[in-house]
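Using UniProt numbering, read the sequence shown as starting at 1 and increasing by one per residue.
By construction, the Cβ of each residue, glycine as well, lies at the ideal position given by its N, Cα and C atoms.
Reviewing the structure listed below.
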Amino acid sequence: MATAALKGQFATKIIPKNASMSIVYIKSAQYSSDGRPNLAAYKRGTGGRSSFNGIVATVFGCTGFVGRYVCNKLGKIGTQMILPYRGDFYDAQRLKVAGDLGQVLFTPFDIRDEESIAKAVRYSNVVINLIGRDYETKNFKYMDVHVDGPRRIARICREMGVERFIHLSYLNAEENPTPLVLKKPSLYKISKYLGECAVREEFPTATILRASDIYGSEDRFIRSFASGWRIHGQLMPLYKNGLETVKQPVFVSDVAQGIVNAIRDLDTRCQVYQAVGPKRYLLADLVDWFYKLMRKDEKWGYMRYDMKYDPIFPLKVALVNMISPAYPFGNLHWESIEKEATTDKVEPGLPTLEDLGVNLTQIEDQAPWELKPFRAYQYYIDQIGEFAKPDPPKVYNC
């Protein structure tokens with residue numbers, strides 16, 4: 001059972017002393033199950049960081065790439081946050097400052113432990129699932145993380161009376177994807193698709209966001225191309241030379257803002273949104289532009305080519321995955337390359353982040369900042385205007 005301290009902090013649901021795991025949720029949240037007024041359920045303040053907006057949100061995957069941005073934005077608008085973490089608490093501790101004093105609380109959990117999940121969502125009226133994995137490990141496979149885990153969380157949320165469930169998925173998730181680089185269909189895409197289906201089955205009013213490649217600080221899109229593990233010295237191998245892959249990358253802060261806006265809009269229930277950027281580009285043009293921003297153009301020795309003509313590249317990928325202690329160095333593994341080679345398919349009938357009121361960030365404004373630490377000859381202090389600003393990549397309109 002929850003401790004007295006937890007009751008004082010979360011108090012959106014009051015649990016009787018001898019209550020079972022099956023809790024009756026009071027929708028208005030203004031009264032507890034024994035009829036007493038629940039003062040913690042009332043909004044307080046002007047709506048800023050030191051206010052309480054009436055939302056108590058559990059964020060699964062809070063320590064991940066997107067999770068940190070979501071927690072930051074939730075804290076700014078006066079949300080009480082319960083942040084489940086796995087492993088070392090100090091990885092999650094830095095999120096304490098995302099909200100005001102007493103507004104951010106932590107609880108250990110395991111995605112296979114139903115009791116720990118129930119404890120994390122017991123007092124929440126909003127649950128956000130951002131748990132995902134780009135690569136498989138010996139402990140967690142794609143089906144564990146993308147299908148069984150979301151199903152378990154969604155089911156427990158429904159049983160505990162959670163009002164809103166937000167699930168982050170993948171734009172190009174398919175039941176039967178066509179292999180591009182791999183010899184068999186991508187398990188990443190399949191598991192993401194099955195995860196959406198599982199969430200809808202267990203929590204029919206869930207809101208789902210399908211995100212394309214997400215970029216930002218510490219991302220696995222821009223930085224994977226900038227990594228020395230991805231490029232052969234000065235030679236960049238791409239699927240079909242990057243000329244048959246179209247990308248519509250989205251900024252991580254825009255995705256986080258879309259999630260926050262979806263929470264505050266009840267009309268987003270049962271909806272699927274596509275989290276994509278404002279423009280489409282050929283992958284070849286994007287990668288060329290990235291290396292120009294890093295001052296690693298043709299004069300530096302940069303050259304792009306079709307990876308199928310490189311017999312050494314598969315050996316390099318195999319070696320990286322063999323020597324990696326827990327994760328592939330530089331995010332270099334075959335599922336990542338398959339995802340990199342996939343063209344972003346936007347369905348015309350589905351709403352996007354703009355329908356959630358998000359002003360989308362242009363990658364031309366953000367990528368130079370993200371790639372600044374990767375510049376060649378970083379020790380050189382250049383004069384203002386000494387290096388010409390490279391032209392942005394061409395927009396692909398087809």
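**Request:** Identify every residue that forms a DSSP beta bridge with Ser-169.
**Result:** Arg-210
**Prompt:** For Gly-75 versus Gly-47, is the C-beta spacing smaller than 8 angstroms?
**Reply:** no
**With 16 other Cβ atoms within 10 Å as the buried cut-off, status of Val-24** = Confidence in Val-24 is poor, its pLDDT being 33 and thus under 50, which makes the residue's placement unreliable; the coordinate value appears in the next sentence. By the neighbour-count rule (16 or more Cβ atoms within 10 Å), Val-24 is not buried but exposed.
**Request:** Hey, could you find the ends of the beta strand (DSSP E) Ile-128 is sitting in?
**Result:** 126-129
**Asked** Among Cys-62, Ala-376, Gln-271, which residue has its Cα nearest to the Cα of Gln-93?
**Response** Cys-62
**Prompt:** Count the other CB atoms within 10 Å of the CB of Arg-112; is the residue buried (16 or more) or exposed (fewer)?
**Reply:** exposed
**Request:** Give me the Cα-Cα distance between Cys-398 and Pro-108, rounded to the nearest whole angstrom.
**Result:** 47 angstroms
**Message:** Given this structure, state the Cα-to-Cα distance separating Gln-30 from Tyr-123, to the nearest angstrom.
**Reply:** Low confidence applies to Gln-30: its pLDDT is 47, below 50, so where it sits in the model is not reliable enough to give any reading.
**Item:** Residues of its chain near Lys-192, where Cβ-Cβ distance is below 7 angstroms and the 5 sequence neighbours each way are ignored
**Value:** His-146, Ser-169, Tyr-170, Ala-173
**Message:** As a quick exercise: from Gln-248, Pro-311, Glu-298, pick the residue whose alpha carbon is nearest that of Arg-280.
**Reply:** Gln-248
**Request:** Give me the Cα-Cα distance between Ile-131 and Thr-207, rounded to the nearest whole angstrom.
**Result:** 15 angstroms
**Request:** Might you give, ordered along the chain, the residues of its own chain that have their beta carbon closer than 6 angstroms to the beta carbon of residue 434, omitting 5 neighbours on each side?
**Result:** This structure does not reach residue 434, given that the chain is present from 1 up to 398, and the question cannot be answered.
**Message:** Taking its Cβ as the centre, do 16 or more other Cβ atoms sit within 10 Å of Ile-312, making it buried, or is it exposed?
**Reply:** exposed
**Prompt:** Taking Glu-114 as the reference, which of Pro-150, Phe-225, Leu-315, Gly-45 has the closest Cα?
**Reply:** Pro-150
**Prompt:** Which of the three DSSP states, helix, strand or coil, is assigned to Tyr-188?
**Reply:** helix
**Message:** Cutting at 7 angstroms between CB atoms, please list the residues of its own chain near Met-21, excluding the five before and the five after it.
**Reply:** Residue placement at Met-21 cannot be trusted, given a pLDDT of 36 that sits under 50; the coordinates are not used to answer.
**Request:** For residue 431, write down the residues that DSSP places opposite it in a beta bridge.
**Result:** A question about residue 431 goes unanswered here, because the residues of the chain that appear run from 1 up to 398.
**Prompt:** Based on the DSSP output, what are the partners of Tyr-281 in its beta bridges?
**Reply:** Lys-247, Val-395
**Message:** Please give the ranges of any beta strand (DSSP E) in the stretch 303-378, keeping only runs that are unbroken, at least 3 residues long and fully inside the region.
**Reply:** 303-306
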